[in-house]
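Asker: Under my numbering, the first residue of the sequence shown is numbered 37, with each subsequent residue one higher.
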Amino acid sequence: MSTRSWARGPLTGPVTIVPLATTVLFLAWYLGRNPSPLYIVAPLSTAAGLVLLRQPRLGLLAIVAVALAVPISIGTGTEVQLNLAALAIPALFGLWLLGAALRGHIAVPPSSVNLPLLLFLVAGLLSLGIGIVTW
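1) Taking only three categories from DSSP, how would you classify N70?
2) Apart from the five residues just before and just after L74, which ones in its own chain have a Cβ nearer than 6 Å to its Cβ?
3) Could you tell me which residues DSSP puts in a beta bridge with G111?
4) Along the alpha helix (DSSP H) that carries P152, what are the first and last residues, could you check?
5) Using only the alpha-carbon positions, how far apart do A143 and P152 sit?
6) How far does the alpha helix (DSSP H) with V102 in it extend, from its first residue to its last?
7) Helix, strand or coil: which one does DSSP assign to I53?
8) Roughly how many whole angstroms lie between the Cα atoms of L131 and L97?
9) Which class does I142 belong to by DSSP, given the choice of helix, strand or coil?
10) On a Cα-Cα basis, can you pick out the residue from L138, F129 and G165 that is closest to G95?
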């Protein structure tokens, strides 16, 4: 068996290599002239979202990693700043809902914590509604 057998296949001919190399060179030129973190963050976020759709348990590890390793906080216009861990929790909840909707099975596992959590959320929404009212 040849040591280069892995290099043979449908993606190794000039029909594939030339457009791929041209695309890489064009992107290197374009991103060199117009740098933006968005060009790195958007594909990585998309890939992370797809991974989390397949393995939702990794989301808990992602929250811990984001909280400890990413020193970014977003100002809200008040004295409060939100770190990425605080923003990752609703994002993971949304991914959980999306994955459940795609599977056609939205169900909350039975737990003794569900009723107190639901009552706490209702109390929080009631408090938010009362706090918005201008007296």
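Don't be surprised by glycine CBs; every beta carbon is placed ideally from N, CA and C.
Please read all numbers here as calculations on a predicted model, not as lab measurements.
Answerer: Result, derived from the coordinates:
1) Coil at N70, not helix or strand.
2) There are no such residues.
3) Partner(s): Q117.
4) Unbroken alpha helix (DSSP H) run through P152: N150 to I168.
5) Cα to Cα, the separation comes out at about 17 Å.
6) From DSSP, the alpha helix (DSSP H) with V102 extends over L94 to A105.
7) Note: I53 maps to helix in three-state DSSP.
8) Taking the straight line joining both Cα atoms gives about 15 Å.
9) Three-state DSSP puts I142 in coil, outside helix and strand.
10) Minimum Cα distance to G95 is reached at F129.
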